[in-house]
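Counting along the sequence shown from 1, when you hit position 189 you're at 189 in full-length UniProt numbering, and nothing is skipped either side. All C-beta atoms, glycine included, are put in the ideal place defined by N, C-alpha and C. The structure under discussion appears below in the form of structure tokens.
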Amino acid sequence: MRAPHRHDPSRAPADRVTPVEVFFDVVFVFTLTQLTRVLEADLTPAGFGRVVLLFGILWWMFDGYVGLANHVPPRSPAQKLLLFLGMGGFLIAAVGIPRAYTDTGLVFGVGYLVVICVHLLLFTQADIGRALWWLAAYNLGSALLVVAGGLTAGATRYALWLVAFAVQSVVPYLVPRFSWVRVQSLFRIQPSHLIERHGLLVIIALGESVVAIGMGVDVEHLTAGTVAVIGLALALPAALWWTYFTDTPAVEAALVAVGPDRRVGQALRLLFAHIPLLLGIVVAAAGVHAAVAHPGDPTSWQSATALSGGTTLYLAATIAIRRSLRIAPVRSRVITAVAVLGTVPVGLATNGALHLAALVIVVVVMLVVDRRYHAAQTLREA
């Protein structure tokens with residue numbers, strides 16, 4: 001009698017996301033929650049700029065870990081333990097976020113240095129040759145600048161962190177002959193893994209924003225209006241979820257269709273497009289929190305702009321993905337993004353609940369138009 005087959009999770013194929021990677025994503029999303037807190041405390045252009053800088057530094061390395069898993073899937077206990085250590089680095093950095101520009105900048109920097117070191121240590125197991133040395137030079141240089149910024153204060157900290165972001169995300173493209181860009185063809189991209197990993201992150205980020213909204217409700221003064229606005233606060237992330245996942249099959253097909261040499265460039269475009277997408281979730285969440293807290297009151301211009309502006313950022317990211325991969329028309333989404341910005345006066349003139357309702361209606365209409373387009377395209381191809 002043949003012994004029953006046992007599934008060995010350590011032998012999962014490299015193109016699928018492993019459970020420990022999902023755990024990693026959950027930990028990383030805590031940084032988004034912390035950034036939302038920072039923005040809620042300072043809903044101004046300057047506050048938004050500070051959030052963008054911190055997120056830009058962290059996001060590059062999150063996607064660095066996604067690329068790492070394409071080469072070194074975390075199968076062995078040692079690899080998983082190192083990945084948990086990397087999670088610890090992100091967690092430490094996230095703890096330092098709320099007061100990163102005042103007295104916890106060093107905490108943020110030390111956490112980030114741990115993230116970088118673990119990433120490089122795991123990448124020594126990959127077959128990327130000299131590309132590893134270029135990664136080490138730029139990533140370690142950036143991490144040391146972040147730590148140095150944490151040891152300073154005021155304008156010097158801002159300057160060092162801006163330089164750190166540039167060293168990591170901009171300089172390699174300005175001097176490709178002297179960076180990993182020159183040998184980027186050595187990096188391997190598995191489209192199914194890349195799309196699944198980013199999709200999971202978007203789901204967790206949207207879900208965490210809903211959880212944070214629910215936890216912020218004042219249950220001692222719960223009214224019918226509050227219950228209604230809570231429903232709308234769920235409807236908007238649900239509509240944004242649908243907006244993103246409408247395109248994921250086409251995005252994966254587009255990445256599969258290009259050759260391995262071009263695939264890295266396409267994947268990097270996808271990486272950069274997720275910056276406004278995730279920032280959009282952060283900004284919109286700050287606006288939703290204000291609407292839920294005072295559903296019957298006119299919203300401030302800061303909260304109204306955050307709610308509409310965050311949704312517009314998210315839509316702009318999906319437009320960028322469609323255009324860069326040429327997977328679908330963008331006209332309906334451009335019109336929708338403009339219409340979403342046009343809902344700001346609704347919040348100013350009425351209240352947060354009606355503003356949320358207007359946003360949900362606009363995005364749902366766009367989804368209906370998208371649905372009809374895809375149905376017509378399917379008929380033409382049949």
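Pair within 8 Å by beta-carbon distance, residue i and residue j
{"i": "Val183", "j": "Pro172", "result": "no"}
{"i": "Val27", "j": "Pro74", "result": "no"}
{"i": "Leu307", "j": "Val288", "result": "yes"}
{"i": "Gly310", "j": "Ala284", "result": "yes"}
{"i": "Phe30", "j": "Leu39", "result": "no"}
{"i": "Tyr65", "j": "Gly89", "result": "no"}
{"i": "Ala349", "j": "Leu232", "result": "no"}
{"i": "Trp161", "j": "Leu53", "result": "yes"}
{"i": "Ala376", "j": "Thr36", "result": "no"}
{"i": "Gln217", "j": "Thr226", "result": "The amino acid at residue 217 is misidentified as Gln; the sequence shows Val. Yes; because the gap between Cβ atoms is below 8 Å, this pair is in contact."}
{"i": "Asp25", "j": "Leu201", "result": "yes"}
{"i": "Ile92", "j": "Val118", "result": "no"}
{"i": "Val229", "j": "Val292", "result": "yes"}
{"i": "Val163", "j": "Leu151", "result": "no"}
{"i": "residue 383", "j": "Val256", "result": "Because the chain here runs from 1 to 382, residue 383 falls outside it and cannot be looked at."}
{"i": "His355", "j": "Ala304", "result": "yes"}
{"i": "Ile321", "j": "Ala273", "result": "yes"}
{"i": "Leu203", "j": "Trp59", "result": "For the record, residue 203 in the displayed sequence is Ile; it is not Leu. Their beta carbons are not under 8 Å apart, which means Ile203 does not touch Trp59 by this criterion."}
Nonlocal neighbours in the same chain, by C-beta distance under 6 Å from residue i, ignoring five residues either side
{"i": "Asn139", "result": "Ile116"}
{"i": "Leu32", "result": "Ala205, Val282"}
{"i": "Asp15", "result": "Gln190, Ser192, His193"}
{"i": "residue 385", "result": "No answer is possible for residue 385: the residues shown for the chain start at 1 and end at 382."}
{"i": "Asp261", "result": "Ser185"}
{"i": "Leu277", "result": "Tyr314, Ala317"}
{"i": "Ser179", "result": "Trp134, Pro172"}
{"i": "Arg380", "result": "none"}
{"i": "Ala148", "result": "Leu160"}
{"i": "Gly56", "result": "Phe165"}
{"i": "Tyr373", "result": "none"}
{"i": "Val176", "result": "It is worth fixing the name first, because residue 176 is Pro in this sequence and not Val. Here the set comprises Arg182."}
{"i": "Arg371", "result": "none"}
Same chain, Cβ closer than 7 Å to residue i, five either side skipped, listed in chain order
{"i": "Val362", "result": "Thr336, Ala339, Val340, Thr343"}
{"i": "Gln34", "result": "Ala94, Ile97, Pro98"}
{"i": "Val264", "result": "Gln184, Ser185, Phe187, Ile189"}
{"i": "Ile128", "result": "His71, Leu186, Phe187"}
{"i": "Arg269", "result": "Ser324"}
{"i": "Thr104", "result": "Gly96"}
{"i": "Ala235", "result": "Val360"}
{"i": "Ile327", "result": "Asp247, Ala250, Val251, Ala254"}
{"i": "Ala143", "result": "Tyr112, Leu113, Ile116"}
{"i": "Ala358", "result": "Thr343, Val346"}
{"i": "Pro4", "result": "Annotation note: pLDDT 41 at Pro4 (below 50); position unreliable, no value reported."}
{"i": "Gly67", "result": "Phe187"}
{"i": "Arg130", "result": "Val183"}
{"i": "Ser209", "result": "Pro237, Ile281, Ala285"}
{"i": "Leu83", "result": "Val20, Phe24, Pro74"}
Residues near residue i by beta carbon distance below 8 Å, same chain, minus five either side
{"i": "Asp8", "result": "Its pLDDT being 42, under 50, Asp8 is placed unreliably in this model, and the value from its coordinates should be taken loosely. Correct list: empty, nothing qualifies."}
{"i": "Val334", "result": "Ile319"}
{"i": "Tyr101", "result": "Arg50, Arg157, Tyr158"}
{"i": "Asp297", "result": "Asn351, Gly352"}
{"i": "Leu367", "result": "Ala239, Trp242, Thr243, Thr246"}
{"i": "Pro329", "result": "Arg322, Tyr373"}
{"i": "Ala126", "result": "Leu68, His71, Val72, Leu132"}
{"i": "Ala136", "result": "Leu120"}
Contact test: residue i Cβ vs the ligand ATP heavy atom, cutoff 7 Å
{"i": "Ala254", "result": "Of the ligands one can find in the structure shown there are none, so the ligand ATP has no counterpart to examine."}
For this session: Report yes or no: do the stretch 155 to 170 and the stretch 121 to 132 share at least 3 C-beta pairs separated by less than 8 Å?
Result: no
Exercise. Does the count of Cβ pairs from the stretch 244 to 255 and the stretch 192 to 210 closer than 8 Å reach three?
Worked result: yes
Exercise. Can you give, in chain order, each stretch of the alpha helix (DSSP H) that sits fully within the stretch 89 to 135 and has at least 4 residues?
Worked result: 105 to 123
Exercise. On the three-pair Cβ rule with 8 Å, is the stretch 355 to 375 touching the stretch 236 to 243?
Worked result: yes
Problem set entry | Ordered list of alpha helix (DSSP H) runs contained in the stretch 293 to 349, each at least 4 residues | 301 to 325, 331 to 341, 344 to 349
Exercise. At what residue ranges does the stretch 19 to 77 contain a whole run of the beta strand (DSSP E), taking only runs of 3 or more?
Worked result: none
For this session: Mind listing, in chain order, the continuous alpha helix (DSSP H) runs of no fewer than 4 residues lying wholly within the stretch 170 to 237?
Result: 171 to 174, 191 to 215
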